[in-house]
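Notes follow the structure.
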Amino acid sequence: MKEFFLEPLNNVEILRNKNKIKSSLQPIAKKKIRLLVLSGSTVGELKEYIQLFLLNQGIDAEVIEGSYNSYYEEVMFSDLIETVSPDWVYIHTTNKNILKWPQNSQCEQEVDELFEREVSRISDILTKLDNLKINTIVNNFELPHYRNMGNYDFTSKYGYVNFVNRINNSLAELVSTKPNIYINDIMYLSSDIGLSKWFDDSYWFAFKYAIAPTALPTVAKSITNIVKSVAGHSKKTLVCDLDNTLWGGVIGDDGPEGVLVGQGNPKAESFLELQNYILQLKSRGIVLAINSKNEKKLAEEGIAKSSGSLSCDDFASFVANWEPKSQNIQRIETELNLFQDSFVFIDDNPAEIKQVSEFCPSVTCVTYSKSPYELIKQLDKEGYFEVSRLSAEDKKRAEYYKKNKLVNEIKNNAKNFDDYLKSLEMKTTIVGISEKNRERVVQLVNKTNQFNPNTSRVTDADFDIKYANNSSSLNLVADLEDIYGNNGIVSTLLSTVCGETVDIDIWVMSCRVFNRELEFALFDTFVNVCKSRSITTIYSSYTESPKNAYVANLYEKLGFKIIEQTSNSKQYRLDVSEYVNKSKNIGVTYEF
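15 is the number of the first residue of the sequence shown in the numbering used here; add one for each residue after it.
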């Protein structure tokens, strides 16, 4: 089914095969959502495209459509949102929904008033939806389909192009202050497709389609990328081949100085462009790895001596040998403690792509036919690494994995596990939820699979209601510092207090700090806080998932007793008075 969702998108083929796609993907969808589309034009097949593209990401969406061109009224004055109770709202507007455009006969003040009126209408809608804590996607505006003043349309306050740009800039500023709102950038999408293909006047005048049918799959794909990113489904790791992938040529034949990457040669420049793109991915938290059939020393020399922008230090894992690349993928998975379904593998060789695809089917494989620049276009258009928010921890993630390599070296050389932990000189600061750490905590919950006893997820809205703004909750957030620096916020425990009992709802920890016993330090602190609040009993649970075997016996290790059990779940109870502290190797600072 994947072939229907890869570029170039074919709207006719997708709709022709929609029943086949649904019957194949719906049974294996792991998540259900309700999405409300409020539109300023005819939605038409867009509704079906959204369903299909979300299914391709394992999300079964019930898509509900509001009344035609009533998006403002339905948000501001009706009870539709309360009735539908959506998980997501999508505001499907285009420049056809701009009420009044500037006229040359107006004075500049009148043009400014038109601008303020448009921005105010958008702001009213988004502010209300944000206050309702509903995840909302809103289109910005595509450029006008014609320019009455030609190039001067961009400069003049009376120009339609200028007017759209002003609105879009204000919209970007507005959304940056609203945590539940996300922009679907149709200004970029329409530019990429081409305005002449984006808009079809015959469909507009006959059916009020503001976007041509051929462009609708692109819109649906973009919406899906936002939803999957917020749900934590974006890829985390880019695994790269070397020869004819990160540089031109074969280093074993051409030598480190002979491979093509850098300035002054068209082919070399295309490889440099790819490296620059990959370096940008790394700078926002994508983990990089090498998987190459080469002698490792020669491969490292090639990275070090070539004129590319990447260095050996940019890669969290560097595997170069003559083993099958699927085996190396498994090795990288173990080294990084990340699942293969979060990997994208790029390689110029179709045979290697086929081998990895067959033996590591959850890895996304990407190749090219003529130019490495195709890799940039594929990685970009497919939205594998879509990001909805960028935290400070994201920017430092590559550095964290680099430090982990050093930590693992200490582990391999230590006499025993206890000596290894002591040698790290670990410290943790445990705090409550604050505005400063809120975004990272939500992100951590939604991206963590392994240390996540119930594979819990939380929306921004639920997080605020149940935890951040709830006096009946007890929540801890922990970082971890060692001899190589601070790993940032890596764990959170969210719970609900009821009288003398507390239920652990969510407990997650980053895989970067596994096997450091941070869970002991955090839980010791949690129990101490419970004692200070006269809480006598702690309840918790575990539900088996394909990815959380790491914590299958977490609560047994902490002294909990099983009170109920099924084939894939366990319910636990702990008497606080019976708990014995477990942490021995981490210094704890508690600020609560």
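Think of the CB as a built atom: it goes at the ideal place given N, C-alpha and C, for glycine as much as any other residue.
Entirely enclosed alpha helix (DSSP H) segments - the region 533-589, minimum 4 residues
568-571
Report yes if the C-beta distance between Ile346 and Ala313 is below 8 angstroms; otherwise report no.
no
I'd like the ranges of any alpha helix (DSSP H) spanning at least 4 consecutive residues and lying wholly in the region 250-326.
265-268, 280-297 and 310-319
Out of curiosity, what's the CA-to-CA distance linking Glu366 and Lys339?
7 angstroms
Round the Cβ separation of Leu140 and Ile195 to the nearest angstrom and send it over; I've been treating them as touching at under 8 angstroms.
5 angstroms
Is Glu62 close to chain D? Criterion is C-beta to C-beta, closer than 8 angstroms.
The chain labelled as chain D is not found in the depicted structure, where only one protein chain is given.
Does the region 219-237 come close enough to the region 54-69 that 3 or more CB-CB pairs lie under 8 angstroms?
yes
For Leu288, tell me which candidate among Ile95, Glu315, Phe155 and Asp362 has the shortest Cα-Cα distance.
Asp362
Buried or exposed (CB count within 10 angstroms, at least 16 for buried), Trp261:
buried
With three or more beta-carbon pairs closer than 8 angstroms as the criterion, would you say the region 219-235 touches the region 280-297?
no
Cutting at 7 angstroms between CB atoms, please list the residues of its own chain near Asn109, excluding the five before and the five after it.
Phe155, Glu156, Pro158 and Val178
Any idea what DSSP makes of Ala245, helix, strand or coil?
coil
Can you name the start and end residues of the alpha helix (DSSP H) that Asn198 belongs to?
Run containing Asn198: none in the alpha helix (DSSP H); it sits in the beta strand (DSSP E), Ile195 to Asn198.
Give me the Cβ distance between Leu209 and Ile197, rounded to the nearest whole Å; I'm assuming they're in contact under 8 angstroms.
Between Ile197 and Leu209 the Cβ distance is about 19 angstroms, and since that is not below 8 angstroms, they are no contact.
Length at least 4, wholly inside the region 112-146: the alpha helix (DSSP H) runs in chain order
122-145
Between the Cα of Leu20 and the Cα atoms of Glu309, Asp478, Leu393 and Ala43, which residue gives the shortest distance?
Leu393
Integer-rounded CB distance, given that Tyr604 should sit under 8 angstroms from Thr539
6 angstroms
With burial defined as no fewer than 16 other Cβ atoms inside 10 Å of the residue's Cβ, what is the status of Leu508: buried or exposed?
buried
Alpha carbon to alpha carbon, how far is Glu11 from Gln120?
This structure cannot settle anything about residue 11, because the visible part of the chain is limited to 15 through 606.
Tell me whether the region 434-448 and the region 329-337 touch, counting them as touching only if at least three CB pairs, one residue from each stretch, are closer than 8 angstroms.
no
Apply the 10 Å Cβ neighbour rule to Thr580 and answer buried if 16 or more other Cβ atoms are within range, or exposed otherwise.
exposed
May I have the straight-line CA-CA distance separating Lys222 from Asn83, to the nearest angstrom?
10 angstroms
Exposed or buried, which one is Gly322 when buried takes at least 16 other CB atoms within 10 Å?
buried
According to DSSP, is Lys384 helix, strand or coil?
coil
Reference Lys142; option with closest CA among Glu87, Lys171 and Ser371:
Glu87
Between the Cα of Glu132 and those of Ser81, Ser170 and Leu188, spot the shortest distance and give me the residue it belongs to.
Leu188
Return the CA-CA distance between Tyr434 and Tyr498, expressed in angstroms with no decimal places.
14 angstroms
Within 10 Å of its beta-carbon, does Arg547 have 16 or more other beta-carbons around it, so buried, or fewer, so exposed?
exposed
Tell me where the beta strand (DSSP E) around Leu209 begins and ends.
No beta strand (DSSP E) contains Leu209, which is instead part of the alpha helix (DSSP H) from Leu209 to Trp212.
Taking Cβ positions, are Ile549 and Leu588 nearer each other than 8 angstroms?
no
Can you give the Cα-Cα distance for Lys310 and Ala334, rounded to whole angstroms?
5 angstroms
Run through DSSP, which three-state label would Met15 get?
coil
Identify every residue that forms a DSSP beta bridge with Asp496.
Gly499
Lys61 burial status per 10 Å Cβ neighbour count (16 or more: buried):
buried
State the CB to CB distance for the pair Ser470 and Lys480, rounded to an integer number of angstroms; the pair is presumed to be in contact (CB under 8 angstroms).
Going by Cβ atoms, the distance from Ser470 to Lys480 rounds to 11 angstroms, so no, they are not a contact pair.
Verify whether the separation of the beta carbon atoms of Ser405 and Arg454 is less than 8 angstroms.
yes
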